[in-house]
């Protein structure tokens, strides 16, 4: 194989109560990368399409290529690669934009070179792409984007990640307003200490959400999608947050919260019809104050990245 074209999906991280430990993959949107082998060693960014010139072209500073450099070093390969990144997700969107780039990069080069590592073994490399992009090597976006499904990061040291079964009728509505929230800023405003009362409440919701998903108990999922620690702080960065959230709940959503660091918001619903109705209501709520949006509706993507073409 001398050429590969691959896709990695967007993700919703935190999922209300699970800050830095919960995340799930979507069907769309996502990033696409094209890799072609070179006779000379080194990773070269030939082009980035869709970023309006905002992303660095230096391979050591771009999430899609830094993971390749670390991967090649790890397996002891001098294989040269030419890279074209199709950036199909806005930066600072809360949809796992940098993680999709990290995952598609390391997934594609692993496939191009005959899959020497498993997907689980690729996870630490993908996390390094997150470190380059936002300063923290967290796995709640790269985990689900790489592994697919609803992912729990039980521990970071040592890294312990597993997938949770979700109901077939569970749908996600993801709405991205045309505003930007910088991930580093969104982390900076968080408090370093949390009250015992809020910790207990959050732990109960974390346990309830996992149990609700595994037992297909939609009422329990709904009751557990409450974030008393992160959402009250970060929601101030998102215009009309309360209005949009209430619109989702009024139209049948099980729950609604911030996707990742925002400004995108997500809602979980039972059934496609409800999820579509929720998407319309959330978009209209943003639109009532002149904010344009783009919305996506999908089940939980269980597959993660995939090969689109190879030669």
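In my numbering, the protein residues as written are 3 to 313.
Glycine included, each C-beta is placed from N, C-alpha and C at the ideal position.
DSSP places residue 121 in the uninterrupted alpha helix (DSSP H) bounded by 121–136. Of the residues assessed, residue 210 falls on the buried side of the cut-off, its CB having 16 or more other CB atoms within 10 angstroms. About 13 Å separates the Cβ atoms of residue 272 and residue 299, ruling out a contact at the 8 Å cut-off.
When the alpha-carbon of residue 70 is set against those of 113, 11, 97 and 149, the nearest one is in 113. Between the alpha carbons of residue 220 and residue 83 lies a gap of roughly 47 Å.
Short of 7 Å from the beta carbon of residue 254, and not among the five residues preceding or following it, lie these beta carbons of its own chain, in chain order: 271, 276, 279 and 280. Residue environment: residue 313 is assigned as exposed (fewer than 16 neighbouring CB atoms within 10 Å of its CB, all protein chains considered). Contact check for residue 142 against residue 55 fails: the beta carbons are separated by 8 Å or more. Between residue 13 and residue 169, the C-beta spacing is not below 8 Å.
Going by beta carbons, residue 93 and residue 101 fall outside the 8 Å limit.
Per DSSP, residue 310 is one residue of the beta strand (DSSP E) stretching across 308–312.
Pairing residue 172 with residue 302 gives a Cβ-Cβ distance under 8 Å.
In the DSSP secondary-structure assignment, residue 196 is not bridged to any residue. When secondary structure is reduced to three states using DSSP, residue 204 falls in the helix class. DSSP, read as helix, strand or coil, puts residue 276 in helix. Segment contact: the stretch 191–206 against the stretch 55–69, fewer than three CB-CB distances shorter than 8 Å; contact not assigned.
Looking from the CA of residue 91, the closest CA among 266, 286, 289 and 308 belongs to 266. Here the alpha carbons of residue 52 and residue 174 stand approximately 25 Å from one another. Taking C-beta atoms under 8 Å as the contact rule, residue 68 and residue 131 qualify, at a distance of about 6 Å. DSSP places residue 22 in no beta strand (DSSP E); its state is neither H nor E. Out of 121, 45, 180 and 165, the CA that lies nearest to the CA of residue 241 is found in 180.
Note that the C-beta distance between residue 297 and residue 256 is not below 8 Å. Apart from the 5 residues on each side of it in sequence, residue 96 sits with its Cβ closer than 7 Å to the Cβ of 183, 260, 261, 262, 263, 264, 265 and 266 in its chain, given in chain order.
DSSP places residue 296 in the uninterrupted beta strand (DSSP E) bounded by 295–301. For the options 27, 72, 245 and 230, the alpha carbon positioned closest to that of residue 206 is the one of 230.
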